[in-house]
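In our numbering, the protein residues as written are 639 to 706. No residue lacks a Cβ here, since even glycine has one placed at the ideal position from N, Cα and C. Please read all numbers here as calculations on a predicted model, not as lab measurements. Each remark here refers to the structure printed beneath this line.
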């Protein structure tokens, strides 16, 4: 059960890392194309939320590794 939980948490961590990368690229693209500052700021706001979620997930992940 611990190995299965570790794989699930590891998958969640990778998913969040990929989401953060996509949001960074989308905000840089929106500034390059000169769409609007609202889209760029909204993207960075979502990125900060994802970063907070990633920190919490990473804590759980490292705690599971310490137990395992």
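Around the C-beta of residue 683, are 16 or more other C-beta atoms found within 10 angstroms, so that it is buried, or is it exposed?
-> exposed
Residue of 667, 651, 671 minimising C-alpha distance to residue 694 | 651
Alpha carbon of residue 655 to alpha carbon of residue 692, nearest angstrom | 8 Å
Express the C-alpha separation of residue 685 and residue 662 in angstroms, rounding to a whole number.
-> 7 Å
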